[in-house]
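Quick notes on the structure that follows.
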Amino acid sequence: DVKVTQSSRYLVKRTGEKVFLECVQDMDHENMFWYRQDPGLGLRLIYFSYDVKMKEKGDIPEGYSVSREKKERFSLILESASTNQTSMYLCASSPSPGQGNPDTQYFGPGTRLTVL
Amino acid sequence: GNSVTQMEGPVTLSEEAFLTINCTYTATGYPSLFWYVQYPGEGLQLLLKATKADDKGSNKGFEATYRKETTSFHLEKGSVQVSDSAVYFCALSRSYNTDKLIFGTGTRLQVFP
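In structure tokens:
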């Protein structure tokens, strides 16, 4: 089974802090994603990576950056955390067309981030 | 661009009741359609999918049919169980890049014994 793990289940940070959220997948997937999940808004795509060192902005990239130095690891960075970034953050991965069904995403358990 | 709309919850049912969760979409081209489920404390997992018109996806007793004429992909189950309590998300692939999905807002289902 594909396993996607996230570094923390719960995180509390202060306004202005730099925050790192880590995600690791063990299935050699090419594609990785970061979403935030908010009540009434569903999942919104923050950033997407389709290869090492490759990234693409999603629908709400403002205030976030990402890093993908190794294929299995995709990090989300909040350069200066703000209270409106309090949310549930979900990481996902999917295979490239040569590996399987690229439209099937596998999710981690999520990190609930609170910014005070 | 593509978008998806699903009914608001929560949906509250007794065990063994019939379930319908409505999902409609707007799309250009021929997107694939999905239902994902999120159990308490977990990430999302794929429940079922359909890749073309009139396809029926099914899994764990859940079904959904890709209806192009009504632009719908409603989720149904004939007899729900307490263990089906979760949040259900309808999703579709983006018209220009099938690697990325657009998710609905989610519908919480609560099943009571």
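Protein chains in written order, with the working numbering: chain A, 1 to 116; chain B, 117 to 229.
Glycine is no exception: its CB is placed at the ideal position from the N, C-alpha and C atoms.
Pairing V196 (chain B) with E131 (chain B) gives a Cβ-Cβ distance under 8 Å. Between Y50 (chain A) and chain B, the shortest Cβ-Cβ separation is below 8 Å. Flagged as an interface residue toward chain B: S94 (chain A), by a C-beta distance shorter than 8 Å.
Under the three-state reduction of DSSP output, S75 (chain A) falls in the strand class. The residues F150, A207, L208, S209, R210, in chain order, have a CB closer than 8 Å to that of L217 (chain B) in the same chain once the five nearest residues on each side in sequence are set aside.
Taking the beta carbon of S209 (chain B) as reference, the chain A residues within 8 Å of it are D103, listed in sequence order. Between the alpha carbons of Y182 (chain B) and G222 (chain B) lies a gap of roughly 18 Å. Here R44 (chain A) has Y35, R36, D59, I60 as same chain residues with Cβ atoms under 7 Å from its own Cβ, once five neighbours each way along the sequence are excluded. If you compare the alpha carbons of A:S80, A:S94, A:G42 with that of S49 (chain A), the shortest gap goes to A:S94. Assigned with DSSP and collapsed to three states, Q105 (chain A) falls in coil, not helix or strand. Among the residues facing chain B, P61 (chain A) is not included, as its CB has no counterpart in that chain under 8 Å away.
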